[in-house]
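Numbering-wise, UniProt numbering puts 79 at position 79 of the sequence shown, and it's gapless, one number per residue.
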Amino acid sequence: MNAILRELLYLLQPFCLAWLLLTVWLLRMLWKRLWRWSLLPMSAWLILTTISCTSIPSWLMAGLESRHSLPAAAEMQSADAIVCLGGGVEPSLMEPTGMHLARGADRIATALSMAISGVAPVLVIGGGGYEHEGRFVSEADAIFDNLANYPKLNFEQISLGVCTNTRDEALKVAELMEKRGWKKILLVTSASHMPRAVGTFKKAGISVVPVPCHYMSSFHRLGEVDWIHLPYVGSFELFDAWLHEWIGSHIYSWRGWL
1 MNAILRELLY LLQPFCLAWL LLTVWLLRML WKRLWRWSLL PMSAWLILTT
51 ISCTSIPSWL MAGLESRHSL PAAAEMQSAD AIVCLGGGVE PSLMEPTGMH
101 LARGADRIAT ALSMAISGVA PVLVIGGGGY EHEGRFVSEA DAIFDNLANY
151 PKLNFEQISL GVCTNTRDEA LKVAELMEKR GWKKILLVTS ASHMPRAVGT
201 FKKAGISVVP VPCHYMSSFH RLGEVDWIHL PYVGSFELFD AWLHEWIGSH
251 IYSWRGWL
């Protein structure tokens, strides 16, 4: 009974309710044989249903996330530095920590746990910047400002400052490697972003050991995967992340960055 009640309440959520109304409207038009007038709403319904009511977005995301597997412990030995790409936090004036955890916060959690465990002696963090009162606040600086509250950390901390994109991060890391004489880098980023990141770093002359994290696909999580389900707004986040990487990879290839 509770499960049925939860499903009924779920149907009253704005997104799900909008999908139901569109379905009813489309069925009514088809019933009246308004074939020509039903083409646009049918196209909208098909797109909406495919993305929100099936596991196709999750399946697409799983294809990206499966390209690089987690490295064995032996592969990470003797690394010179851990490089964590941005996208995990946003500087905040209100949060007690001075930063708001974003969608890719697993990147920061993974890189920090590796650095604290002594996997490598240096932690390098990239990321973008946010304009405030005429100046840009670095995502990486916000993280390291917070880490200053923990004085016993036994690893060096390097901020890449405000980076424009993944290529900018790769070029700045390449400069660090040449200056410091580093040979082995552990690259931490979201599993879906890892294929583009590895290709970008390779193009910049850097060979990395990929450490993927932040697995978004339901195929990489606990529990059974329901291929058909009620409209779920989270599917749009998955599709958006997949589309971002798909478009990004083509643009990087076109610009010669991959």
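Yeah, the Cβ is synthetic: ideal placement off N, Cα and C, and Gly gets one too.
On a predicted model such as this, the values are computed, not experimentally measured, just so you know.
- request: May I ask you to list the residues that DSSP assigns as paired with F219?
  value: DSSP, once it has assigned bridges, lists no residue as partnering F219.
- request: Sort out for me which residues DSSP pairs A174 with in a bridge.
  value: DSSP, once it has assigned bridges, lists no residue as partnering A174.
message: Using a 10 Å radius around the Cβ and a threshold of 16 neighbouring Cβ atoms, would you call H214 buried or exposed?
response: buried
task: Measure the C-alpha to C-alpha separation of P41 and G63 and round it to an integer number of angstroms.
output: When the Cα atoms are used, P41 and G63 turn out to be separated by approximately 30 Å.
message: I'd like to confirm the pairing. Which residues does DSSP put opposite S55 in its beta bridges?
response: The partner list for S55 (beta bridge, DSSP) is empty, contrary to what the question assumes.
query: Between which two residues does the alpha helix (DSSP H) harbouring F201 extend?
result: 194-203
- request: Using three-state DSSP, classify R28 as helix, strand or coil.
  value: helix
- request: Could you spell out the range, first to last residue, of the alpha helix (DSSP H) harbouring Y252?
  value: 234-254
- prompt: What are the boundary residues of the alpha helix (DSSP H) that includes M114?
  reply: Judged by DSSP secondary structure, M114 falls within the alpha helix (DSSP H) whose first and last residues are 105-116.
- request: Decide yes or no for the touch test of the segment 133-143 against the segment 80-100: beta carbon pairs closer than 8 Å, at least 3 of them.
  value: yes
task: Could you tell me which of A102, V119, K203 sits nearest to P71, measuring between CA atoms?
output: V119
- request: Check the DSSP bridge columns for R135 and list the partner residues they point to.
  value: H132
- prompt: Which whole-angstrom value is the C-beta distance of L258 and T200, which I expect to be below 8 Å?
  reply: 6 Å
task: Round the Cβ separation of A81 and V209 to the nearest angstrom and send it over; I've been treating them as touching at under 8 Å.
output: Actually they are not in contact, since the Cβ atoms of A81 and V209 sit about 11 Å apart, beyond 8 Å.
Range of the contiguous beta strand (DSSP E) that encloses M94: Boundaries cannot be given for M94, as no beta strand (DSSP E) includes it and DSSP labels it neither H nor E.
query: Is any beta-carbon of chain D found at less than 7 Å from that of H100?
result: Reference to chain D is not applicable here, since this structure consists of a single protein chain.
query: What is the DSSP secondary structure of S159, reduced to helix, strand or coil?
result: Shown here, S159 sits in a strand according to DSSP, grouped into three states.
message: Can you confirm whether the segment 216-225 touches the segment 153-171 when touching is taken to mean that 3 or more C-beta pairs between the two stretches lie within less than 8 Å?
response: no
query: How would you label G223, buried or exposed, when you count the other beta carbons within 10 angstroms and need 16 or more for buried?
result: exposed
- request: Under 7 Å Cβ to Cβ from V137, same chain only, skipping five residues before and after it: list those, please.
  value: P91, G129, Y130
message: For A74 and V211, what's the separation of their Cα atoms in angstroms?
response: 13 Å
- prompt: So H68 and M194 are in contact, right, with Cβ under 8 Å, and what is the actual spacing, rounded?
  reply: About 5 Å separates the beta carbon of H68 from that of M194, a gap short enough to meet the 8 Å contact definition.
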